[in-house]
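Order-wise, the sequence lines are chains G and B. When we follow my numbering, the leftmost residue of the first sequence carries the number 1, and every step to the right adds one. When we follow my numbering, the leftmost residue of the second sequence carries the number 1001, and every step to the right adds one. Right, one structure below, let's go through it.
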Amino acid sequence: MVRNQEPFSSLETFQERIKVGLWFVMACLLLLFFRFFWLQVIKHTKYSTASESNRIAIITTPSQRGLIIDRNGIVIARNFPSYSLEITPAGVNEPIEDLVDSLNSVLKISQKDKTNFFRALQGAKKTESIPIRNFLSDEEVARFFSRKYAYPGVEVQVRYFREYPYQQLGSHLLGYTGRISQKDREKLLAELEESQDDSTSDELKPIKIKGIQQVGKIGLEQSYEKELRGTVGYNQVEITAGGRVVRNLSSTAAVAGSNLSLAVDIKLQYLIEQLYGKRRGAAVVIEVSTGDVLAFVSMPTFNPNSFIDGIDADLWKKLNESLEKPLFNRPLRGTYPPGSTFKPFMALAALEGKFRTADQGIYDPGYFKFGNTVFRDDAENGHGFVSMRQSIAVSCDTYYYILAHDMGINAISSFMKELGFGQQTGIDINGEVKGILPSKKWKKAYYSDPLKQKWGEGDTISIGIGQGYNSYSILQLAQATAILANGGVVMRPHLVKLIEDPITHQKTPTVPSETTRLNFKPENLKVITEGMVGVNTTGTGKVPFAGVKYPVAGKTGTAQVFSLGGKDYKASAISEFKRDHALYIAFAPADKPKYALALVVENAGFGATAAAPIARQALDYLMLNTWPEGVPPWKTVQ
Amino acid sequence: MENRSITQRLNFLWQGLDPTLGVILLFLVVIGNITFMSASSGTVVSWVEQARNILSAAIIMWITSRIPIKWLEKISLWVYLFGVALLIGVAVFGLVKKGARRWLNIGVVIQPSEIMKIAMPMMLAWYFQKKDGLIQLRDFFIAFCLLILPTYLIARQPDLGTAILVLAAGFYVILFAGFPWRFILPFFIIALLGILLVVIFGDSLCAKGVSWPFLKSYQQHRVCTLLDPSSDPLGKGFHTLQSMIAIGSGGIFGKGWMKGTQTHLEFIPEKHTDFIFAVFSEEFGLFGNLILLFLFFLLIQRGLQIAASAPNLYSRLLGGAVTLIFFTYAFVNMAMVSGLLPVVGVPLPFISYGGTALSTLGFGVGILMSINRSRRLVQT
């Protein structure tokens, strides 16, 4: 092989190459010039005509949002048609700001309407119709039509709006819809592109998002947004250069969203909300064999209808700044120490872990002394000798101080974890919190100060009576009660039972079967049930449950707000907010449990007097279908 | 010294900046902004944002022009290795979006193939500089190997558009380094023949059920819609067809600024980014196009002139390659918008909206200015 000795890269070669490069560039630019000449001179007439007739626009038609229906077929979220005044920028001959000002002389257009309109205008196509005023009255429509000739590009359209006929009833579980924000749109577009949905071509994807006017912002409306929304329809229309529609070329109909059939019994929800009255709190009722959530109460409520057309700034401020926190979803996001309602679960842990037998008694002198600390019982002189069943019925603190001390934190927290304490239940609504299941590991992670990280044995003792670091949601407490009542079978709690296709009316269940099964011994469960029945016959709940016609197991609880550490309530808050929380858990009928519930009445004092009566009346309604006197009867809105 | 005027004091700011390049760029950017204002009217993309992009690109250009070209030469190898490492990272841990694995999450999400557009010519220029005066045939072979590895990594993401640009960038360096014509011509002829064959037998090649070797089905689809955009007017051919209508209906003098119906009735896709040329062409016609082509020609001519008089092989090769990359961008974009090439995501340099592309361009111009400066330093 001959080795090539000539130097390849002399300055001369380079300069020659530069010249070639320049010629190449010129040739390519010439090619482009010929192409432009071809398109713009020779074929100009053809393309000019094409551009003249090229006036096809795509106009979207929003889809009807699915209905939300309670378990008995009562519609609790629906859509209603309303007139909207809308502007299509392409058809307007004057500056839009001037048009809006002159429209204001015909119809009242508020500052809020203007802000919303100009915000929507920014991202919109010129051929798109943008609402400037919603909810026109018949009189306003007539007034506009009499002067319509003066306003090209302005039309009255029928749009559908979300409506919650029972106003503030069940607002936290329903949530609400609102105008779609730029952020929502970006999220939806990203979702659509991620989904690799080949049925929608790339050009149509942004259009589909554009057609969406309202999205669920919170509650079921948000959690089931995909199912409720449906698919936007669109028409291909021919338009004039000004953007006015000449004729329809093709249309793809919108597909309505699916209806949600709830597990919730809205009448029960209404009853419990009425029973709370002006008091604050949370209540969850579960059908134990299915995991159906029959009621999901958060008090106080708010009116979701205020959010539909964008909430008024003053109202928003009022809702947000209220000390009562009406926007806070308490059963889902509020956590409370369970107080004495924790005791039946402690007792079960003792039996299952063989730390106690049912009949083993202890002597309660009214306190338990650990080192130099004295843990007091509610009953000043103690309950004397108590067995396990009695300890539940009379809510003996000393029994559980000693039990917790004997079991140790590791045994307690691993047992409670199985029951779902400090864990998400997996309910079908977004935003569920975990709460705090105290353990050595938790404490180490929670505190940054090494002195506080170590678990002290004294910490364990107050855990036994549901105080200390314990902090759970009412949903978790209800779920744990339901597991107890259901013999250890865990059903995932759910608010939506069925999703109904609006066209085929085919119904798909959301949660088909049991999630897991905890192997508790039936005889152990029986002891706990007997103890809890005792609560309502001879124990702390006997007054509210006097004369009850079915066997019912329950447990009262009183939780010290103090242990919240003032984190939720500032010291400046009025003293009412420092009173104890009243709690109650129950299931009925005790011999063959169907329903389980847990509830809290905030700052109401004793569980037996404040919380148990609500549970009694709710259970009476479920078991006997009775309606308490003094509560206005249910009226179905047509 | 105390009595220097303000202009003298600020002299250091533009010392070394090439006035010829500067004036050409100024014209291009002004044209870009005028077009952008028309393309973006009625959308959320704000002019302020574009102005900010231009400003940051100008700053990048200024800073780069201050960097002695020697320094760039020294870091070339490392930049290249870094880029290749990132590309391998993409292949292993990359993020998948829309079916392509192009991005890497290192705290922020980056697209490493962008780096290769500049790193590739830097690396090859560095390699030839090392062998300056002793370049043999096998060095070209090595250079091709250095070029093929990242190109392959980018092509399999898949990102054929960027792969072609990186390949072109490296190829320009190899050409400028003196790769013998006798090896190039056969390739050139084969490529030309291939294109001719596809054009002639397009109909049967694009028939249903025919799938081509090496290309993904969507890439095949793009080539097919290029051959006959009307075959799928509302689908994949939509972009090309609409932009051709825009250009064609512009005629000799255009429809006038802000008066393009294709643009303002929303028929042009990506109208402020990749397809902005269609907006320009519709509103300013063949006359406007000629001015734009002339400006690009001046830019290329000046760039090659700077390269030709550069002091060493590294800066000659890099300068030449960077200039031709500008040209490739401009040519590919205008050819794609006017329906000569398939649709690939290549912006029109200095005209299209977009921060990343503008920054890369600013860096490129900065390199040219730095080369120009180093030449003067050698002369004085």
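Even for Gly, the Cβ is constructed at its ideal location relative to N, Cα and C.
Would you say residue i faces chain B, with C-beta separation under 8 Å as the test?
{"i": "residue 92/G", "result": "no"}
{"i": "residue 41/G", "result": "yes"}
{"i": "residue 35/G", "result": "yes"}
{"i": "residue 13/G", "result": "yes"}
{"i": "residue 28/G", "result": "yes"}
{"i": "residue 4/G", "result": "Confidence is the limiting factor: at residue 4/G the pLDDT is only 46, short of 50, which leaves the residue's position unreliable, though a coordinate-based value still follows. Chain B, which has a Cβ nearer than 8 Å to the Cβ of residue 4/G, makes this yes."}
Assuming residue i contacts residue j (C-beta within less than 8 Å), just tell me the rounded distance between them.
{"i": "residue 173/G", "j": "residue 498/G", "result": "The pair is not a contact, with the Cβ atoms about 16 Å apart (cut-off 8 Å)."}
{"i": "residue 1172/B", "j": "residue 1321/B", "result": "4 Å"}
{"i": "residue 1301/B", "j": "residue 22/G", "result": "7 Å"}
{"i": "residue 425/G", "j": "residue 211/G", "result": "Not really, about 36 Å apart at Cβ, beyond 8 Å."}
{"i": "residue 237/G", "j": "residue 225/G", "result": "That pair is no contact at about 29 Å."}
{"i": "residue 600/G", "j": "residue 281/G", "result": "5 Å"}
{"i": "residue 99/G", "j": "residue 109/G", "result": "Between residue 109/G and residue 99/G the Cβ distance is about 11 Å, and since that is not below 8 Å, they are no contact."}
Can a CB atom of chain G be found closer than 8 Å to the CB of residue i?
{"i": "residue 1350/B", "result": "no"}
{"i": "residue 1101/B", "result": "no"}
{"i": "residue 1327/B", "result": "yes"}
{"i": "residue 1301/B", "result": "yes"}
{"i": "residue 1171/B", "result": "no"}
{"i": "residue 1244/B", "result": "yes"}
{"i": "residue 1175/B", "result": "yes"}
{"i": "residue 1372/B", "result": "no"}
{"i": "residue 1362/B", "result": "no"}
Quick one: list the residues of chain B neighbouring residue i, beta-carbon separation under 8 Å, in chain order.
{"i": "residue 48/G", "result": "1248, 1249 and 1251"}
{"i": "residue 100/G", "result": "In chain order: nothing, as chain B lies at least about 16 Å away."}
If you reduce the DSSP assignment to three classes, tell me which class residue i lands in.
{"i": "residue 636/G", "result": "coil"}
{"i": "residue 616/G", "result": "helix"}
{"i": "residue 1170/B", "result": "helix"}
{"i": "residue 134/G", "result": "strand"}
{"i": "residue 214/G", "result": "strand"}
{"i": "residue 299/G", "result": "strand"}
{"i": "residue 89/G", "result": "helix"}
{"i": "residue 238/G", "result": "strand"}
{"i": "residue 1161/B", "result": "helix"}
{"i": "residue 292/G", "result": "strand"}
{"i": "residue 178/G", "result": "strand"}
{"i": "residue 1350/B", "result": "coil"}
{"i": "residue 623/G", "result": "helix"}
With 16 other CB atoms within 10 Å as the buried threshold, where does residue i fall?
{"i": "residue 1263/B", "result": "buried"}
{"i": "residue 491/G", "result": "buried"}
{"i": "residue 105/G", "result": "exposed"}
{"i": "residue 1047/B", "result": "exposed"}
{"i": "residue 597/G", "result": "buried"}
{"i": "residue 1036/B", "result": "buried"}
{"i": "residue 326/G", "result": "buried"}
{"i": "residue 158/G", "result": "exposed"}
{"i": "residue 1126/B", "result": "buried"}
{"i": "residue 1011/B", "result": "exposed"}
{"i": "residue 247/G", "result": "exposed"}
{"i": "residue 412/G", "result": "buried"}
{"i": "residue 111/G", "result": "exposed"}
{"i": "residue 505/G", "result": "exposed"}
{"i": "residue 312/G", "result": "exposed"}
{"i": "residue 553/G", "result": "buried"}
{"i": "residue 1005/B", "result": "exposed"}
{"i": "residue 1145/B", "result": "exposed"}
{"i": "residue 1160/B", "result": "buried"}
What residues from chain G crowd round residue i, counting only those whose CB sits closer than 7 Å?
{"i": "residue 1304/B", "result": "18, 21 and 22"}
{"i": "residue 1307/B", "result": "18"}
Residues of chain B with a CB under 9 Å from the CB of residue i: which are they?
{"i": "residue 237/G", "result": "Within chain B, no residue comes near residue 237/G; the closest Cβ sits about 12 Å away, beyond 9 Å."}
Using a C-beta to C-beta distance shorter than 7 Å, which residues of chain B count as neighbours of residue i?
{"i": "residue 117/G", "result": "Correct list: empty, because the minimum Cβ distance to chain B is about 14 Å."}
Check whether the Cβ of residue i lies closer than 7 Å to any heavy atom of the ligand COA, and answer yes or no.
{"i": "residue 1133/B", "result": "You won't find the ligand COA in this model; it holds no ligand whatsoever."}
For a contact meaning CB atoms closer than 8 Å, what does residue i contact in chain G?
{"i": "residue 1285/B", "result": "40"}
Just the chain G side, please: which residues come within less than 9 Å of residue i by C-beta, in chain order?
{"i": "residue 1320/B", "result": "14, 17, 18 and 21"}
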